[in-house]
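Our numbering numbers the first residue of the sequence shown as 19 and each following residue consecutively.
The beta-carbon is built from N, C-alpha and C at its ideal position, and this holds for glycine as well.
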Amino acid sequence: MSKSKILFPFILGAAIAAGIFIGGKLDFADTSDRLFSSNSKKDKLNRLIDYIDYEYVEDVNTDSIVDVTVNGILNNLDPHSVYIPKENMQEVADNMKGNFVGIGINFYTFKDTITVIKTVENGPSAKVGIKGGDRIVSANGESLLGGGYNNDTLVDKLRGERYSKLKLKVFRKGSPELLTFNVTRDVVPIKSIDASYMLTNNLGYIKVNRFAESTYQEFKTALDKLKQLGATSLALDLRGNPGGFLEIAVAIVDEFLEDDKLIVYTRNKKGKEDRSYATTKGDFEKGHVYVMIDENSASASEIIAGALQDNDKGTIVGRRSYGKGLVQREMNLGDGSAVRLTVSKYYTPTGRSIQRSYENGNRDYYDDYADRLNRGELLDENKIEVADSLKFTTPKGKVVYGGGGIIPDVFVPYDTQMQNETLTFLERRGFLDNFVFEELEKDRNKFNDISRQEFFENFTVTDSVIKSLEDFLKLKTRSNIVFVAYKNEVKHYLKATLAEQLYGYGAYYKILNKHDIMIDKVISLSQVQSN
19 MSKSKILFPF ILGAAIAAGI FIGGKLDFAD TSDRLFSSNS KKDKLNRLID YIDYEYVEDV
79 NTDSIVDVTV NGILNNLDPH SVYIPKENMQ EVADNMKGNF VGIGINFYTF KDTITVIKTV
139 ENGPSAKVGI KGGDRIVSAN GESLLGGGYN NDTLVDKLRG ERYSKLKLKV FRKGSPELLT
199 FNVTRDVVPI KSIDASYMLT NNLGYIKVNR FAESTYQEFK TALDKLKQLG ATSLALDLRG
259 NPGGFLEIAV AIVDEFLEDD KLIVYTRNKK GKEDRSYATT KGDFEKGHVY VMIDENSASA
319 SEIIAGALQD NDKGTIVGRR SYGKGLVQRE MNLGDGSAVR LTVSKYYTPT GRSIQRSYEN
379 GNRDYYDDYA DRLNRGELLD ENKIEVADSL KFTTPKGKVV YGGGGIIPDV FVPYDTQMQN
439 ETLTFLERRG FLDNFVFEEL EKDRNKFNDI SRQEFFENFT VTDSVIKSLE DFLKLKTRSN
499 IVFVAYKNEV KHYLKATLAE QLYGYGAYYK ILNKHDIMID KVISLSQVQS N
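This is the structure:
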């Protein structure tokens, strides 16, 4: 499940560093003459590693030395040039592609047993009848009981080649004997769109969590559906979105901008520029768009916000974005690992670079969130630091600034109630998900007669459930967490999490957004706009 929570994601350097990469893959083995004008430096490293390998007094894993060397080199470049070890390549590739091959379940190891939290809608497991709460006892005759496997090992056992078969034995409460399911592994989508629904009679809402290969088609499907429901304005939620493919962001912007409007351009160190313009295919050029951003909206998210802001299109709402304006290209290193190397910078239509400075090193760069917090910028727009030397003007005369993220047109402060540190910690660590699952397991049947709409409108989380959560957390964290000041906020999160496990796609945000001050601001802006 993909939830864009708010717990200081500036420490999630790997996710942000993946931000944007364009172009093809380069193989160092095939391009060494072009990439290296002299072999002397390369030979120096090779000789040192060989010397250690053959002569060092103890056995040494030279592969790890190479990894450290590569990381050391990249650490002296910029924060977004990163090394991807071969053991992480598949996960990274799946995430950027937007799908993987598997059986389509979210699971939780509950009492040493793989227990299905929910199945992916229309996925392989859902199609054969596997349900939330089912315990997977064995796979292809191999017992999975006893807690002897970590999550990565279990994932490996459940995934496999497309169209390969997996015979599962499943325990289901109320069934007198084990159930057998023959699942055919298939492509399972990793959704980029967390939610899409109508906020008001004419204001649609789409939340995008990243920009993968599949994102534009997901977005277009959601947008078309909202238009059919009467949407003449759109709230595009890019909060917490770390970026992804540049061309996907360009395709989404194209839905809003008139023909031949400049969307973005990139420039490499030789001065070569590549420019992207809007085409004739935009389907929402006459509708008003509200782009919601925060301090964790990066790269491709900033391309969208910057392109619309610089073209005087729509309204940017929220807080200053992350500030990543570097473009990476992935290069295969020949052993299954890869490097994403910064090869150019991107600029918004007015010529802004929104990349913030990294001249003081990576540690200082990733401490930027704490700096913003300490300055009070997240609560007061007057605390945002701007440089007059980086002032630009849009065609209609609006002043915008470069040098460190997109500054919104309408500022909305950080919500210290719904986004308090304790709540976001519990959510990110999965404690709320796991607690809700265990509560649901006590009696799933009681929700059988509650419709989705009735649940959304009338279901409430009781104080006794909060007490159960406190007991659960005391056992899991070995600390005494008591909810007094944030009790109502905890109830909102628990109801949203329960809805997600019961009803799946979009349910979490549809409930949580009812208590979201930025959503409230967008609704009020849209009402003024329509009058």
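Note on Leu530: 16 or more other CB atoms within 10 angstroms of its CB, so buried under the neighbour-count rule. Taking 8 Å as the cut-off, the beta carbon of Val84 is found closer than this to the beta carbon of Ile67. The way I'd put it, the region 109-122 doesn't touch the region 160-169; fewer than three beta-carbon pairs between them come closer than 8 Å. Per DSSP, the continuous beta strand (DSSP E) segment holding Lys225 begins and ends at 221-226. Nearest Cα to Ala316 within the set Val345, Val282, Gly261, Phe302: Gly261. Glu265: not part of any beta strand (DSSP E); member of the alpha helix (DSSP H) spanning 264-272, first to last residue. Distance from the CA atom of Asp489 to the CA atom of Val479, rounded to whole angstroms, is 16 Å. In this structure, Leu184 and Ile132 do not form a Cβ contact; the two beta carbons are roughly 13 Å apart against a cut-off of 8 Å.
Closest in alpha carbon position to Ile311, among Ile425, Asp538, Ser161, Ile211, is Ile425. In this chain, the beta strand (DSSP E) harbouring Gly120 covers 117-120.
Restricting attention to beta strand (DSSP E) runs no shorter than 3 residues, the region 366-391 encloses none. Setting aside the 5 residues that flank it on each side, Gly141 is surrounded in the same chain by Gly122, Val206, each with a C-beta closer than 6 Å to its C-beta; the list follows chain order.
Put simply, the backbone Cα of Val146 is about 57 Å away from that of Arg65.
In the pairwise beta carbon analysis, the region 380-400 is classified as touching the region 420-439: at least three pairs are separated by under 8 Å. Residue pairing by DSSP puts His306 in a beta bridge opposite Ser251. In the displayed model, Met536 falls within a helix according to three-state DSSP.
From the listed residues Leu221, Met436, Lys494, the smallest Cα separation to His510 is found for Met436. Residue environment analysis places Arg257 among the buried positions, since at least 16 neighbouring C-beta atoms fall within 10 angstroms of its C-beta.
In the DSSP assignment, Ser58 falls within the alpha helix (DSSP H) that extends over 58-73. Here the alpha carbons of Asn79 and Val309 stand approximately 49 Å from one another.
By the Cβ rule, the region 322-335 counts as touching the region 405-413, because three or more pairs are nearer than 8 Å.
The residue from Ile321, Arg338, Asp353, Leu396 with its alpha-carbon nearest to that of Tyr364 is Ile321. Apart from the 5 residues on each side of it in sequence, Arg393 sits with its Cβ closer than 8 Å to the Cβ of Lys401, Glu403 in its chain, given in chain order.
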